[in-house]
Amino acid sequence: MQPECRVQVEEKEISRVKGCRCSKTALVLLCTLTLVGCAATVLIINPQFQATKQEDGHLEELRLSLRQTSVRAAIHLVGVYNAVSKTLQWNAGVDQAHSEGGLRLEKNEIVVPHDGLYFVYSQASYRISCRKGPEEPPHPVQLSHSVERWSDSYGSGDETEQEYRPILHTLRTACVRGTQDQDQDQDQVQGAHSFSGLYVGAMFNLKANDRLRTVLSPDPLLRGQVEDGHGETFFGVFAL
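Start counting at 1 in the sequence shown, then tack on 56, and there's your number in my numbering.
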């Protein structure tokens, strides 16, 4: 009886060992399949992640471009005549005036922030009396308006050789004082006025730190008749 029992025990032990080996093999196989699945998932997701990352980069570039467009350099100034200095003073913080993108008002001049193409424009509006004085001979009343530029690119670098140069200029005869038609009706002449708006504007290739200023008619009496109402006298620059 004892040999039979021993044989049965040995058979059970062998079966248990085989079962353990099968379980280990299955476990190893399961782990291998899991690793293969993870690797496949990474291979599938990684290109999508790279594509998403590239798309995010393009979107950021687009946002930056739109942001730069929205803050493109521009300045618009409103003019008010100063009776004390007898000059036209430009203001950046009143009415529709504004300044952004680096263009700024400094010492009554516009300073350019960097090299590039810019559109420069200005208008001076006058309300001129065409009445002739008792001792005044007949003569035309001429108005002028200019924009001048100062630049380091002028001259040889010596400040004594650098100067303001006109880049925009216009001249207009507003009226002729003391004409024969005016003498025929003095009552009408007493209240006769001429309204003139002198506008200039053009595109220029400007350099960083260039300075732009306006120059009105040389006669201080005429400068004193500049109109400074809404939209009548202004000065501006914007980048193209």
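Glycine included, C-beta positions come from ideal geometry on N, C-alpha and C.
Got a sec, what are the start and stop residues for the alpha helix (DSSP H) residue i sits in?
i      : result
Arg187 : No alpha helix (DSSP H) holds Arg187; DSSP gives it neither H nor E.
Leu277 : 276-279
Can you name, in chain order, every residue of its own chain whose Cβ lies under 7 Å from the Cβ of residue i, other than the five neighbours on each side?
i      : result
Leu133 : Trp146, Asn147, Ala148, Ala153, Leu161, Phe290, Phe291, Gly292
Gly285 : none
Arg183 : His249, Phe251, Gln281, Glu283
Val150 : Val134
Val136 : Gln145, Asn147, Asp284
Leu89  : none
Please go through the same chain and pick out, in chain order, the residues whose beta-carbon is closer than 6 Å to the beta-carbon of residue i, but skip the five residues on each side of it.
i      : result
Ser200 : Leu227, Ser273
Gln198 : Thr229
Arg128 : Gly157, Ala295
Pro222 : Ser202, Glu204
Ser155 : Ile131, Ala148
His170 : Ala264
Asp241 : Summary for Asp241: the model assigns pLDDT 48, below 50, so the residue's position carries little reliability; its value from the coordinates is reported in the next sentence. None.
Is residue i buried or exposed, if buried means 16 or more other CB atoms sit within 10 Å of its CB?
i      : result
Arg279 : buried
Ala264 : exposed
Pro266 : Contrary to the premise, residue 266 reads as Asp rather than Pro in this sequence. Classification of Asp266: buried, given that the 10 Å Cβ count is 16 or more.
Ser178 : buried
Leu144 : buried
Leu254 : buried
Which residue comes first and which comes last in the beta strand (DSSP E) that contains residue i?
i      : result
Leu296 : Per DSSP, Leu296 belongs to no beta strand (DSSP E) and is neither H nor E.
Tyr255 : 249-262
Glu18  : Nothing about residue 18 can be read from this structure; the chain reaches only from 57 to 296.
Arg128 : Looking at the DSSP string, Arg128 is not in any beta strand (DSSP E), and its letter there is neither H nor E.
Val271 : 267-272
Val232 : 221-233
Asn147 : 143-147
Ser202 : 195-206
Leu161 : 160-162
I'd like the list of long-range same chain contacts for residue i, defined as Cβ closer than 8 Å, with 5 residues on each side in sequence excluded.
i      : result
Leu296 : Gly172, Leu173, Tyr174, Phe175, Met259
Glu257 : A small fix is needed here, since residue 257 is Gly in this sequence, not Glu. So the list reads Phe175, Val176, Tyr177, Ser178, Leu224, once near-sequence residues are dropped.
Lys142 : Pro276, Arg279, Gly280
Would residue i pass as a contact of residue j if the rule is Cβ separation under 8 Å?
i      : j      : result
Glu269 : Asn164 : The displayed chain sequence assigns Arg, not Glu, to residue 269. Yes, these two residues count as a Cβ contact at 8 Å.
Leu159 : Ala130 : yes
Val271 : Glu204 : yes
His225 : Ser202 : yes
Pro196 : Val232 : yes
Gly262 : Val167 : According to the sequence as given, residue 262 is Leu; it is not Gly. Result no, Cβ atoms of Leu262 and Val167 do not sit closer than 8 Å.
Say whether chain D places a C-beta atom closer than 8 Å to the C-beta of residue i.
i      : result
Tyr137 : Of the protein chains in the structure, only one exists, and it is not chain D.
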